[in-house]
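For the sequence shown, the working numbering assigns the number 43 to the initial residue and increments by one for each residue that follows.
Don't be surprised by glycine CBs; every beta carbon is placed ideally from N, CA and C.
Since this is a predicted model, take the numbers as computed values, not measurements.
Have a look at the structure below, then the notes.
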Amino acid sequence: MSQTVIIVGASRGIGASLAREYAARGATLGLLARSTGALETLALELRQNHGVRVEIAALDVADREAVAPVMNSLMDRLGTVDVVIANAGVLGWRKAGDGNVAEDRRIIETNLLGAIGVIDVAVARFKAQKHGQVVGISSISAYRGIPGSGAYSASKAALTNYLEALRLELSGKGIGVTIVHPGFVKTDIGPNMEKYPFAAEPEKVAREIANGVARGKASLIVPGFPWRLIMPALKLLPDSVMKKIF
Ligand SMILES: NC(=O)c1ccc[n+]([C@@H]2O[C@H](COP(=O)([O-])OP(=O)(O)OC[C@H]3O[C@@H](n4cnc5c(N)ncnc54)[C@H](OP(=O)(O)O)[C@@H]3O)[C@@H](O)[C@H]2O)c1
């Protein structure tokens, strides 16, 4: 039977590629983001190309009052939901000491608290259904903080840790948790992403995520090559080498 998959942060980039990947696999989709125009265009494309059901909803995950009602209303429309992917995220760069702590707050409210809000609603539904899979999109920066992007790195390291705790808490309850660590991906999350080392196409990343989620993997590094070798090694690199890379 085909699955029902909710993707939060589906209007472009990895999220839109995940929507295309799951539509090609025949999934029923619930897509959320702030840009409803982009979601409407994507939904039309997926219905036309794959004949799948696609429901959309506007959501700013940083709006903590909105997350539960919007997610619940979408899940009510869709019925049983098999997979919820917390993918919404923003990147930010700033120089420590410039006083712009508001920028750090914005990043953490979106990437960490926004994801936790989405995941909490999903878990409540999955507990009632007695099945479901939570997927959280973390980052390479969860392995090693990236200079100039401390808040982003911290938000992703914390998200990884949160999901690890959740996986243990939910084990044996029919609810899976998959933590995804992408390497660099050619999207519009930041300028010139295509110039970063080993930057991958979002379609390839989406395919590997969907494959790993289908296998119920606890943790994924995508794309597998070369990042499965590089990411764990990042923890061991001396600061001087990290500084040269970034
Ligand atoms: N690209 C990379 O190299 C890379 C590497 C590691 C991890 N990641 C992670 O992968 C995820 C997707 O990134 P991407 O590269 O595909 O970025 P992207 O192209 O900028 O897409 C980000 C998505 O998140 C949504 N989003 C952002 N803020 C939101 C908010 N407040 N509420 C709801 N949705 C929001 C955006 O939609 P709206 O703007 O329409 O709301 C968009 O759909 C992020 O969590 C990112 O941290 C990316």
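Which word fits residue i, buried or exposed, when buried means at least 16 other C-beta atoms lie within 10 angstroms of its C-beta?
i, result
"GLU107", "exposed"
"ALA207", "exposed"
"HIS223", "buried"
"ASP118", "exposed"
"PHE226", "buried"
"ASN114", "exposed"
"ALA260", "exposed"
"GLY90", "Per the sequence shown, residue 90 should be read as Gln rather than Gly. Flag for GLN90 reads exposed."
"ARG147", "exposed"
"GLU211", "exposed"
"ARG257", "exposed"
"ILE263", "buried"
"VAL143", "exposed"
"PRO244", "buried"
"PHE288", "exposed"
"ASN234", "exposed"
"THR46", "buried"
"PHE267", "exposed"
"GLY131", "buried"
"LEU271", "exposed"
Is residue i helix, strand or coil when you go by DSSP?
i, result
"GLY216", "coil"
"ILE182", "helix"
"GLN175", "strand"
"ALA164", "helix"
"ALA196", "helix"
"LYS137", "coil"
"ARG17", "Here the chain covers residues 43 to 288 and nothing more, so residue 17 does not appear."
"SER282", "helix"
"THR122", "coil"
"VAL112", "helix"
"ARG249", "helix"
"ASP102", "coil"
"PRO274", "helix"
"ASN234", "coil"
"LYS169", "helix"
"VAL132", "coil"
"ARG147", "helix"
DSSP has residue i in a bridge; who is on the other side?
i, result
"PRO224", "VAL264"
"THR229", "Answer by DSSP bridge pairing: none, since THR229 is not bridged."
"GLY72", "ILE48 and GLU97"
"ILE127", "ILE49 and VAL177"
"ALA242", "VAL227"
Compare the C-alpha of residue i against each of the options and name the closest.
i, options, result
"ASN153", "LYS137, ALA200, GLU63 and VAL177", "ALA200"
"THR122", "GLY218, THR229, LEU71 and PRO233", "LEU71"
"ILE221", "TYR204, LYS228 and ALA110", "TYR204"
"TYR64", "LYS169, ALA252, ARG167 and ALA75", "ALA252"
"VAL112", "VAL163, LEU88, ALA69 and ALA144", "VAL163"
"SER59", "GLU250, ILE272 and VAL283", "GLU250"
"GLU97", "LYS172, VAL132 and ALA85", "ALA85"
"SER53", "THR46, LEU74 and GLN45", "LEU74"
"ARG67", "ALA130, HIS92, ALA100 and SER183", "HIS92"
"LYS173", "ALA138, GLY214 and SER183", "Correcting the residue type first, residue 173 is His in the shown sequence and not Lys. With distances taken between Cα atoms, HIS173 lies closest to GLY214."
"ALA170", "VAL94, ASN234, ASP124 and GLU245", "ASP124"
"ARG76", "ALA100, ALA61 and ARG95", "ALA100"
"MET273", "LYS246, ALA128 and ILE188", "ILE188"
"SER180", "LYS237, TYR194 and GLY190", "TYR194"
"ILE182", "ILE150, ILE149, VAL165 and ALA275", "ALA275"
"SER191", "GLY139, VAL176 and LEU279", "GLY139"
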